[in-house]
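Working notes, structure below.
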RNA sequence: GCGGAUGUGGUGAAAUUGGUAUACACGCCAGACUUAGGAUCUGGUGCUUUACGGCGUGGAGGUUCGAGUCCUCUCAUCCGCACCA
């Protein structure tokens, strides 16, 4: 019978379903492994990236199941989001209908891959039951003041008609549609992620060595912690008067308090309240005012491209130490969103300040010695700095902060680049934010017993405005506090909120899903995820938010876990002709067609064999053929097996070829645990199995064949489960799949050992030695064999590396 | 600019962590079987040289009996952040 993947695969997929073979054990007693591939967005069809992601995850899950771990390997659907609404706009389909029918279709596709998912724990994040618990968390966060509403300048994508979080802006463009992001002032809901910045940063240490370095550093840079001094500049009397007595002072932040005596001007952001006041009250020349307004209309990227630009505001402040009067400018390089939107400028020791001062002929005052050229930004002793003169600048930082604190002029403080997470989206297809606006009570959280606040089904989605806002009745409600007529919040939650806690939802037994969002005991048992697998594109967004949510939910008492994902494997992209597969480029491979032609096992084998998982995977049709050939060959060799159990082999009776075959089989066995637990180099494990099969093929001992197949089918089962299970059932009644193997050392004992002979560091010849030969005997043989190259030479050093080589260092006699 | 990675045959990639570089696979070449082969099987395949040999892991040095692996410098490519005071 020849290999027929479609038949075999359908058979085992059905059997696994019928046997409910992959459900975790409800008794939380055994040691566990939680294996999770990032859940998919139900876009409509599976792509090769999914295949790779789930093939890797499945290999881990099946491996650990075989090692007797209690394995949780779930799947679900990240189901809210813009594409559902875009489909509605384009094809007139309801987002809910579009989403759930996509899920149905993709579920079938996933099923043909033979993945060992728990099927009872599957859910979609748009299920109302999921929304219900998410809304509960949101309300709790509001009660704990981790969630607040404020009106501020936000990133707005006109294409998506919604606000974006900072993390969702890539080079000034929307992460989803690549449209240029605009700035807009509007109210929204924020989660206080900055409150957790220190823990998020510090706990990265726990992930070192378990997460890719790159991801750890990216998160650390994104949080962007810096320490320094915060102090106030007091405005001069004349300036106070000019500002109508509305301002006395403003705060600045610096990481370089050591340069405080070098301050020659101060600069405010165009959005700073003082700048705004001057504009609104027409206290500036009209052409300057006009130019400042132009700056406020530009994004940060545009401002950066523009070069340094600024205007004298005609104000002065008092230097806190020298009491000198210092001019105040507005400058386009001062960011409104960081450090209070105002800076002290030290042109002598800061490149930006220097550039600006040079352009506008502002004074430059040197306060650190070292180098000839300005700006000087390296270390050195202070000068022109009153009592601090002569102190090393690194030391002076702390001393000056202390001085400010002692004299109540300012304080040491920490700043982060991280901004609070804006979670409102002005879209329909998301989880409604469970709040109500009441004329008398203000912002009120919905009562928990009223959850979920579900989406109305009868909406018109046109792409114009917020569909919930436009709905005639949905937003009308009673205030949960006073009962008066009130208006429901029409913003929905960012979809990243859903993916921030799904790992806990899976861990909760579905029979409790009605009663609780997260079961504490089960969460504590299953989490953290022992192996998380997904794309590097989530290095900041999802992975940072999920870490944050984990800590918040811990502090709200839902569980005791600090980090959600213990080990992270970021898989590389699937490429074709050197470019990422995409519909628009037309360089895609359809997984369905591939499975139809070769079967799921070939698809899985190829994706794991062609490259190590973290690397990019270049698609190659003929290499897919190669993977198929290997499976076919493996299948054909079932006729070589002559027993149903693992034979006891007398090593001494074997031919050289049979001995080598056993070596290869046991080498593959040795490799296996290393690959699953340390290196993740599935490609090398597969190569080792190919070598073993090639070596078996070069000999004809039926017992060696039986042993080889018995072991190899076990090793390959996590990678190509259908064909291995089929063969295993046929040959060994599946007993080898659960078997544990000892590496038999006698297999590696050789009759003779080949030593390489190096003379003068160059490989010259080889000698064959008895394994029991002494060092002296080996050297003697080596010298005999290498006599030709030793002529006229004196040996200065003799090195024997056991079982490997002899190296004779020589020099001319 | 800052940070993180990566550079090995025609291609995807290995190398027990300092010990015979190129395992495994694709491709290519030759042969067998075939009406045919884009099926299957067998053998070969780093470069160079008639040969002995020489040279080869981006480049240049260094450490070592011995370096793809360690050190110094350098080049190239990819990714992330980017006026964060």
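Residue numbers (our numbering): 1239 to 2051.
A virtual CB, placed ideally from N, CA and C, is assigned to each residue, including glycine.
Could you check the C-alpha separation between residue i and residue j for me, to the nearest Å?
i, j, result
"residue 1831", "residue 1841", "10 Å"
"residue 1278", "residue 1363", "11 Å"
"residue 1933", "residue 1824", "41 Å"
"residue 1602", "residue 1592", "8 Å"
"residue 2022", "residue 2040", "19 Å"
"residue 1374", "residue 1686", "6 Å"
"residue 1460", "residue 1405", "9 Å"
"residue 1249", "residue 1872", "19 Å"
"residue 2019", "residue 2030", "18 Å"
"residue 1702", "residue 1640", "56 Å"
"residue 1408", "residue 1600", "35 Å"
"residue 1245", "residue 1352", "13 Å"
"residue 1464", "residue 1449", "24 Å"
"residue 1571", "residue 1911", "54 Å"
Could you pull the DSSP bridge partners for residue i from this structure?
i, result
"residue 1726", "1674"
"residue 1653", "1464"
"residue 1425", "1389"
"residue 1412", "1407"
"residue 1487", "1472"
"residue 1271", "1309"
What is the DSSP secondary structure of residue i, counted as helix, strand or coil?
i, result
"residue 1917", "helix"
"residue 2007", "strand"
"residue 1492", "strand"
"residue 1711", "coil"
"residue 1900", "helix"
"residue 1584", "coil"
"residue 1568", "strand"
"residue 1775", "helix"
"residue 1357", "coil"
"residue 1648", "strand"
"residue 1667", "coil"
"residue 1307", "coil"
"residue 1290", "helix"
"residue 1803", "strand"
"residue 1815", "coil"
"residue 1679", "coil"
"residue 1661", "coil"
"residue 1345", "helix"
"residue 1927", "helix"
"residue 1937", "coil"
Counting C-beta neighbours from all protein chains within 10 Å, is the total for residue i 16 or more, i.e. buried, or is it exposed?
i, result
"residue 1480", "buried"
"residue 1714", "exposed"
"residue 1750", "exposed"
"residue 1940", "exposed"
"residue 1663", "buried"
"residue 1893", "exposed"
"residue 1859", "exposed"
"residue 1645", "exposed"
"residue 1306", "exposed"
"residue 1381", "exposed"
"residue 1986", "exposed"
"residue 1487", "exposed"
"residue 1897", "buried"
"residue 1525", "exposed"
"residue 1988", "exposed"
"residue 1542", "exposed"
"residue 1867", "exposed"
"residue 1616", "exposed"
"residue 1424", "exposed"
"residue 1323", "buried"
Say whether the stretch 1743-1762 touches the stretch 1368-1378, bearing in mind that this needs 3 or more beta-carbon pairs closer than 8 Å, one atom from each stretch. yes
Okay, do the stretch 1289-1303 and the stretch 1846-1857 touch, 3+ Cβ pairs below 8 Å being the bar? yes
Is the stretch 1726-1745 touching the stretch 1666-1679 in the sense that three or more CB pairs, one from each, lie closer than 8 Å? yes
Can you find at least 3 beta carbon pairs, one from the stretch 1266-1278 and one from the stretch 1308-1318, that sit closer than 8 Å? yes
With a cut-off of 8 Å, do at least 3 Cβ pairs link the stretch 1690-1709 to the stretch 1622-1634? no
Do three or more CB pairs link the stretch 1766-1774 to the stretch 1798-1807 at distances below 8 Å? yes
Please confirm if the stretch 1959-1975 is in contact with the stretch 1992-2002, defined as three or more CB-CB distances below 8 Å between the two stretches. no
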